[in-house]
Each structure stands twice: as structure tokens, then as C-alpha cells.
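So the structure is just underneath, and the comments pick up after that.
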Amino acid sequence: MIKMILLIIVFLLAMPAKVMAVCPVCTIAIGAGVGLSRYFGIDDTVTGIWIGGLILSSGLWFSNWLKHKNIFVKNQTILSVIGFYLLTLVPLYMSNVLGHYLNTLWGVDKLILGIATGSAMFLASIGLDKYLRIKKQGKVLFYYQRVILPVFLLIISSLIFYFITK
């Protein structure tokens, strides 16, 4: 449990205020993070949750950045998000981090399952933030709501998968 808490703290401290695009160095860093978390005994599903949240966040951020630069492409947000998934998952697959038949939970690769869960939780936090703002006539329910909601949902899902895979 201590290892789990330390890993979450490291991820939170390592997250920059502005999320930049996933570059090859970032993908290598994610791969190294997976290796480091494996070294500490953290299951790949938990690591994947944070990677999934980061990928989706990066794709959405990049799409907004393009909009602010007055660069518009049809289906820009979807293409940005898909691009970030590909930029992250393809190198992980090519380096044999993904796809090992013994590293599965419920028949799905643990890292892929975690990435899907983390992405879903991040997406749910966006919806929850919008819902709370509608209920409060456009105002936030609490300070830093847009930051706290995704982190909270990622922590909760990490804890759930930690106990499932323990």
C-alpha cells in the first residue's frame, strides 16, 4: 500500500501544469515509468490508469492549442486524441511492453485495461465538471474543481484496481 501511495505522489508531482504533446521522449518516459512501477511491484493496470488519463488530457490539450492558433481540421479533437494514443501505444507495443499473453486481467492486457479505465475516468471527470457547473449556473462548486475531479477519479480507480490485482 505504501508503494502505491508513493507512486501516486510521484505521478502527481511529475505532472506539469501545462500538458505538452506526447513526443518520443515522453513515450520513452512512459515506458520507463512502466518499468519503474513494475520494479516497485505496482500492477500495470494501476500504471495504465495514469497513462490513459495523461494521453487523453494531452490529446484534448493539443486540440485546444490548435484552435487557439487558428488551425482548424475536420474532426480535430478526435484526430488529436487518436494520434496521441497511437504515438504512445505503438512504441510500447513495438518494444514488447504491451501484448504479453501472461500479463492480462479478464483476458485483456493489463496496461491496455488500465489505459482504457484511466481515459474513461478522465472523460467522466470532464462530464462531471460540466454537470456541476450547470447546476451552479456556470460557477465552480469548489476551487480547482477542474483539476481535483480528474485526479480524484484516477486515484479512486487506482485504489480499486490495486485491491483487485493485489
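Letter by letter, the sequence shown follows residues -21 to -1, 1 to 145 in mature numbering (1 follows the signal peptide of the UniProt record, and there is no 0).
Just so it is clear, CB atoms sit at the ideal spot from N, CA and C, and this is done for glycine as well.
Computed from a prediction, not measured in an experiment: that's the story for all the values here.
What three-state label does DSSP hand residue i in the structure shown?
i, result
"Val52", "coil"
"Phe140", "helix"
"Leu128", "helix"
"Leu120", "coil"
"Asn43", "helix"
"Ile105", "helix"
"Asp23", "helix"
"Lys114", "helix"
"Val60", "helix"
"Gly93", "helix"
"Leu33", "helix"
"Gly78", "coil"
Would you list the residues sitting across from residue i in a DSSP beta bridge?
i, result
"Leu84", "Val87"
Given a threshold of 16 other Cβ atoms within 10 Å of its Cβ, counted over all protein chains shown, does residue i qualify as buried or as exposed?
i, result
"Trp85", "exposed"
"Val76", "buried"
Here's a check: name, in chain order, each residue in its chain whose Cβ is nearer than 8 Å to the Cβ of residue i, leaving out the five neighbours to either side.
i, result
"Ser59", "Gly38, Leu39, Phe41, Ser42, Leu45"
"Thr144", "Asp22, Thr24, Val25, Leu84, Lys89"
"Ile28", "Gly93, Ile94, Thr96, Gly97, Met100, Leu133, Ser136, Ser137, Phe140"
"residue 151", "Nothing in the structure corresponds to residue 151, since the chain is present only between -21 and 145."
"Ala(-5)", "Note that Ala(-5) scores 41 on pLDDT, short of 50, meaning its location in the model is unreliable; the coordinates nonetheless yield the value given after this. Same-chain partners within the cutoff: there are none."
I'd like the list of long-range same chain contacts for residue i, defined as Cβ closer than 6 Å, with 5 residues on each side in sequence excluded.
i, result
"Thr56", "Ser42"
"Lys89", "Asp23, Thr24, Asn82"
"Gly31", "Ile94, Gly97, Ser98"
"Ile34", "Phe63, Tyr64, Thr67"
In chain order, what residues of the same chain have a beta carbon less than 7 Å from the beta carbon of residue i, not counting five sequence neighbours either side?
i, result
"Gln124", "Asp108, Leu111"
request  = State whether the region 47 to 55 contacts the region 103 to 117, with contact taken as three or more CB pairs (one from each stretch) at a distance under 8 Å.
outcome  = Cβ pair count under 8 Å is below three, so no.
task = Indicate whether the contact test is met: 3 or more Cβ pairs, each with one atom in the region 121 to 131 and one in the region 92 to 109, closer than 8 Å.
result = Yes, the region 121 to 131 is in contact with the region 92 to 109.
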